[in-house]
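K.L.:
Residue numbers (the working numbering): 1 to 658.
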Amino acid sequence: MDKDRIDQIIDKYEGKASSLIQVLMDIQEENHWLPREVLKKVSEKLGVSFRQVLRIATMYKTFSLVPQESHETHLCAHGKMSPTDAIKKYKIEKLVERINSASDLEELREGILSKRDSQKPCIAICNGNGCSHRNHGIIKAFEEELRKHSLEAKVEIRATGCHGFCEKGPFVVIYPEEICYVEVTPEDVPEIMSQTLVEKKVIERLVYTDPNTGEKIVRQSEIPYYKDQTLFLLGNNPKINPKSIHDYLAFGGYSALAKALFEMTPEQVLEEIKKANLRGRGGGGFPAGSKWETTRNAPGEVKYVIVNGHEGEPGAFMDRALLTGNPHSVLEGLIIGAYAIGSQQGFIYTRHDTPELLENIHLALSQAEEYGLLGKNILGSGFDFNVEVHLDIGIFVSGESSALMRSIEGKAPEPKPKYVRTSVSGIWDKPSNLNNVETWANVPLIINKGSEWYRSIGTEGSKGTKLLSLFGNVCNTGVVEVPFGTPLKEIVFGLGGGIPNGKKLKAIHFGGAMGGSLPARLIDSPLDFDGLAKLQAQIGAGALMVLDEDTCMVELNKSFLQFLTEESCGKCVPCREGVRQMLNILTDITEGRGKEGDIELLEEIAEVVGEAALCSLGRTSADPLLSMLKYFRDELEAHIKEKRCPALSCKHLKGGVR
Numbered sequence: 001m002d003k004d005r006i007d008q009i010i011d012k013y014e015g016k017a018s019s020l021i022q023v024l025m026d027i028q029e030e031n032h033w034l035p036r037e038v039l040k041k042v043s044e045k046l047g048v049s050f051r052q053v054l055r056i057a058t059m060y061k062t063f064s065l066v067p068q069e070s071h072e073t074h075l076c077a078h079g080k081m082s083p084t085d086a087i088k089k090y091k092i093e094k095l096v097e098r099i100n101s102a103s104d105l106e107e108l109r110e111g112i113l114s115k116r117d118s119q120k121p122c123i124a125i126c127n128g129n130g131c132s133h134r135n136h137g138i139i140k141a142f143e144e145e146l147r148k149h150s151l152e153a154k155v156e157i158r159a160t161g162c163h164g165f166c167e168k169g170p171f172v173v174i175y176p177e178e179i180c181y182v183e184v185t186p187e188d189v190p191e192i193m194s195q196t197l198v199e200k201k202v203i204e205r206l207v208y209t210d211p212n213t214g215e216k217i218v219r220q221s222e223i224p225y226y227k228d229q230t231l232f233l234l235g236n237n238p239k240i241n242p243k244s245i246h247d248y249l250a251f252g253g254y255s256a257l258a259k260a261l262f263e264m265t266p267e268q269v270l271e272e273i274k275k276a277n278l279r280g281r282g283g284g285g286f287p288a289g290s291k292w293e294t295t296r297n298a299p300g301e302v303k304y305v306i307v308n309g310h311e312g313e314p315g316a317f318m319d320r321a322l323l324t325g326n327p328h329s330v331l332e333g334l335i336i337g338a339y340a341i342g343s344q345q346g347f348i349y350t351r352h353d354t355p356e357l358l359e360n361i362h363l364a365l366s367q368a369e370e371y372g373l374l375g376k377n378i379l380g381s382g383f384d385f386n387v388e389v390h391l392d393i394g395i396f397v398s399g400e401s402s403a404l405m406r407s408i409e410g411k412a413p414e415p416k417p418k419y420v421r422t423s424v425s426g427i428w429d430k431p432s433n434l435n436n437v438e439t440w441a442n443v444p445l446i447i448n449k450g451s452e453w454y455r456s457i458g459t460e461g462s463k464g465t466k467l468l469s470l471f472g473n474v475c476n477t478g479v480v481e482v483p484f485g486t487p488l489k490e491i492v493f494g495l496g497g498g499i500p501n502g503k504k505l506k507a508i509h510f511g512g513a514m515g516g517s518l519p520a521r522l523i524d525s526p527l528d529f530d531g532l533a534k535l536q537a538q539i540g541a542g543a544l545m546v547l548d549e550d551t552c553m554v555e556l557n558k559s560f561l562q563f564l565t566e567e568s569c570g571k572c573v574p575c576r577e578g579v580r581q582m583l584n585i586l587t588d589i590t591e592g593r594g595k596e597g598d599i600e601l602l603e604e605i606a607e608v609v610g611e612a613a614l615c616s617l618g619r620t621s622a623d624p625l626l627s628m629l630k631y632f633r634d635e636l637e638a639h640i641k642e643k644r645c646p647a648l649s650c651k652h653l654k655g656g657v658r
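1. For L564, collect the residues of the same chain with a Cβ closer than 6 Å to its Cβ; drop the 5 residues on either side in sequence, then sort them by chain order.
2. Looking at C-beta atoms only, is the number of pairs between the stretch 285-297 and the stretch 311-320 that lie closer than 8 Å three or more?
3. Report the partner residues of I539 according to the DSSP bridge assignment.
4. Helix, strand or coil: which one does DSSP assign to T209?
5. Exposed or buried, what is Y419 when buried is set at 16 or more other beta-carbons lying within 10 Å of its beta-carbon?
6. Terminal residues of the continuous beta strand (DSSP E) containing F563?
7. Within 10 Å of its beta-carbon, does L323 have 16 or more other beta-carbons around it, so buried, or fewer, so exposed?
8. Using 10 angstroms around the beta-carbon of P431, count the other beta-carbons present and answer buried if the total reaches 16, otherwise exposed.
9. Using a threshold of 8 Å, state whether the C-beta atoms of K120 and E177 are closer than that.
10. Leaving out five residues on either side along the sequence, give the residues of the same chain with a beta carbon under 7 Å from the beta carbon of F560.
11. Specify whether the stretch 253-268 and the stretch 394-402 touch according to this definition: at least 3 beta carbon pairs, one from each stretch, less than 8 Å apart.
12. Pick out whichever of L617, V479 and V474 has its Cα sitting closest to the Cα of K489.
13. I'd like to confirm the pairing. Which residues does DSSP put opposite A507 in its beta bridges?
14. For C76 and P355, what's the separation of their Cα atoms in angstroms?
15. Return the first residue and the last residue of the alpha helix (DSSP H) that Y226 is part of.
16. By DSSP, does K3 sit in helix, in strand, or in coil?
17. How would you call L113, buried or exposed, if buried means at least 16 neighbouring beta carbons within 10 angstroms?
18. Run through DSSP, which three-state label would N360 get?
19. Please tell me whether A613 and C650 are closer than 8 Å, where the distance is taken between their beta carbons.
20. Identify whether F385 lies in helix, strand or coil by the three-state DSSP scheme.
21. Would you identify the three-state DSSP class for F347, choosing helix, strand or coil?
22. Taking 8 Å as the limit between beta carbons, can you name the residues of its chain near L374, skipping five residues before and five after?
23. Can you find a CB in chain B that lies within less than 8 Å of the CB of F560?
24. Measuring alpha carbon to alpha carbon, tell me which residue in G300, L233, D11 and T350 is nearest S425.
25. Would you mind sorting S662 into buried or exposed? The rule is 16 or more other CB atoms within 10 Å of its CB.
26. Using 10 angstroms around the beta-carbon of P500, count the other beta-carbons present and answer buried if the total reaches 16, otherwise exposed.
27. Can at least three beta-carbon pairs, one atom from the stretch 543-559 and one from the stretch 597-611, be found at a separation below 8 Å?
28. Measure the alpha-carbon distance for T185 versus L653 and round it to whole angstroms.
29. Can you give, in chain order, each stretch of the alpha helix (DSSP H) that sits fully within the stretch 572-600 and has at least 4 residues?
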């Protein structure tokens, strides 16, 4: 690779040693591998030891030290596009100069609304992660049809974020009538144009059909999947273009920021979050206000705030739906949090493998800065705040708080002992507040509507709504948003539509590889942080997997341990060896080699790992196993004592595979 080009990449990050991972990623993407001489050059330019550079290059699965075939990463609905190109393309839909006050913001909002015709037809096309690979042809087909009918100036095409109902995507919603078509293909577009846009007729074969009643439902908001949700966070996803700050402003965007900066002190903002009892949505459910307060009161002037958009939990895709579909809502919450905590530097840590996500984040940051909502003297308030984007590139453990912060520093993403909390000593040993995407997105709602309104939703200990990714043996897969306290039965059999193929529900599993399973008999349990934790099925980030009667719980737990064995950083013995030994025992059991004493040995290892592992990945690695022992012990015993798999799933045991 040309040395001048390496210099250009490094200069883009101002030669910061903390940019090591980003620099290597850019080189990998452009050159398709990392030659040794390139690594040496990077080491010299960044002032980082070659040993550390080599360690990073060999730790991440994304990097290669041998030549690889060329591939493209950055794609959008209109073809190949990098985040930088995207910023150039969309920069910037400007009506006025930089906003310097709250009144300027409202004037801009009024100007945007005054130029919009609420009766102008708009074709909203779901461009969420689940549909984006299928809808490029749909967008192109609509553009061609508009040209054919000479309607380019009269009809708007809007590529929106995720609509949530992934099972029925891609969605096309035509406003202002809100005519909703599901499972649309490019071949359907000419008919939609001629019949619906021109003739104003509804195409019945494309609207949603209620599987229970056979009713044809035309409006998206009347489809039971949407009607039975409480869409505070995701409600605007089907209506706005995430690449347009004007769309966000038109729906009241950044009004909470203006309120916080000009009508509230930092202490008042903090107090409002505490009163709301906003609990972190990343898994532990720790009160966000308490964490903010700890960071704010920690010694030192420099403090950091971080959005954890890693979302590495298998089956979890809620944060991506939110951050891709409405990135400004997350950014607004982050800026408000920074103001309350006293931070002038923030970080967004997210996935590298979702091009639309990265594009929308970079655009949101660029637009916010252009308008004076980010950077120096935000809205003329005197408050300064900047944000950097850092990428996870293929390691599950880098979602753990201390590992994530080491990654931002440009170091190997290994957890470290938390004798001192990261809210007191995090990035570069400075106080660092970490919350996940969903937590930050709740902040503008609380500031705008007040803590009393927020506390009116949910249970005594769990307030507000929760995003869940619903998947597995369930009819309706996708992202749902429901108030805390909603019975799990309503989620699985109401929103989820029940179990397909006439099968019975066996269990529901929360929290991915470090969660827990509940048997069908507990399906009436309410969605609640503390209640589910007592049942050994912690909510985690919100991945909800539905399991039918054909699921072997032993095989399921083996797959979880296999995943964690591969993803363990290997730094501590309890996790590195304990998880592997539990996997070996379960493998023997599923292959007919189980023996008396295996269950007791599993319990003993689980106890040691849970107490002695360095980070939460290790300490909670046995949680699915422990919940299986609590609720499905008889199934495990059948595998050992009778050499029989009750689900007829394990091919080495009696009955074989169905």
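All C-beta atoms in this analysis are idealised placements derived from N, C-alpha and C, irrespective of residue type, glycine included.
Since the model is a prediction, treat every value here as computed from it, not as a measurement.
P.N.:
So, from the data block:
1. Within the sequence shown, residue 564 is the residue found at index 564, counting from 1. Taken in chain order, the residues that qualify are A513, V579 and S621.
2. Contact between the stretch 285-297 and the stretch 311-320 is absent: fewer than three C-beta pairs spanning the two stretches fall below 8 Å.
3. Here residue 539 refers to the residue found at position 539 of the sequence shown. Bridge partners of I539: none, in fact.
4. Reading the sequence shown from its first residue, position 209 is the one you call residue 209. Correct three-state label for T209: strand.
5. Locating residue 419 in the sequence shown gives position 419, where the first residue counts as 1. Classification for Y419: exposed.
6. Reading the sequence shown from its first residue, position 563 is the one you call residue 563. Element bounds for F563: not the beta strand (DSSP E) but the alpha helix (DSSP H), M553 to E567.
7. Within the sequence shown, numbered from 1, the residue matching residue 323 stands at position 323. Looking at its Cβ environment, which holds 16 or more other Cβ atoms inside 10 Å, L323 is buried.
8. Within the sequence shown, the letter at position 431 stands for residue 431. It is buried - the Cβ of P431 has at least 16 other Cβ atoms within 10 Å.
9. For this step, residue 120 is matched to residue 120 along the sequence shown. For this step, residue 177 is matched to residue 177 along the sequence shown. Not in contact: K120 and E177 (Cβ atoms no closer than 8 Å).
10. In the sequence shown, residue 560 corresponds to position 560, counting from 1. Counting only Cβ-Cβ distances below 7 Å, and skipping sequence neighbours, we find A513 and P624.
11. no
12. As a working mapping, residue 489 is identified with position 489 in the sequence shown. That would be V474, whose Cα lies nearest to the Cα of K489.
13. Taking the first residue of the sequence shown as position 1, residue 507 is located at position 507. According to DSSP, A507 bridges with P519 and L547.
14. The sequence position of residue 76 within the sequence shown is 76, counting from 1. The sequence position of residue 355 within the sequence shown is 355, counting from 1. Note that C76 scores a pLDDT of 33, beneath 50, so its modelled location is shaky and nothing firm can be said.
15. Reading the sequence shown from its first residue, position 226 is the one you call residue 226. That run of the alpha helix (DSSP H) goes P224 to K227.
16. In the sequence shown, the residue the question calls residue 3 occupies position 3. Reduced to three states, the DSSP call for K3 is helix.
17. One-based indexing of the sequence shown puts residue 113 at position 113. Looking at its Cβ environment, which holds fewer than 16 other Cβ atoms inside 10 Å, L113 is exposed.
18. The residue labelled residue 360 in the question sits at position 360 within the sequence shown. Here N360 sits in helix by DSSP.
19. For this step, residue 613 is matched to residue 613 along the sequence shown. For this step, residue 650 is matched to residue 650 along the sequence shown. No, these two residues do not count as a Cβ contact at 8 Å.
20. Within the sequence shown, the letter at position 385 stands for residue 385. In this structure, F385 counts as strand in the three-state DSSP scheme.
21. For the purposes of this step, residue 347 is taken as the residue at position 347 of the sequence shown. Residue state, collapsed to three classes: strand.
22. Within the sequence shown, numbered from 1, the residue matching residue 374 stands at position 374. Closer than 8 Å at the Cβ level, and outside the excluded window around L374, lie L331, I335, L365, A368, F385, N386 and V387.
23. The structure shown contains no chain B; it holds only a single protein chain.
24. Residue numbering aside, residue 425 sits at position 425 when the sequence shown is read from its first letter. Minimum Cα distance to S425 is reached at G300.
25. The displayed coordinates of the chain run from 1 to 658. Any statement about residue 662 would go beyond what the structure contains.
26. Numbered from its first residue, the sequence shown carries residue 500 at position 500. That one is exposed.
27. no
28. Walking along the sequence shown from the start, residue 185 turns up at place 185. Walking along the sequence shown from the start, residue 653 turns up at place 653. Taking the straight line from one Cα to the other gives about 45 Å.
29. 573-590
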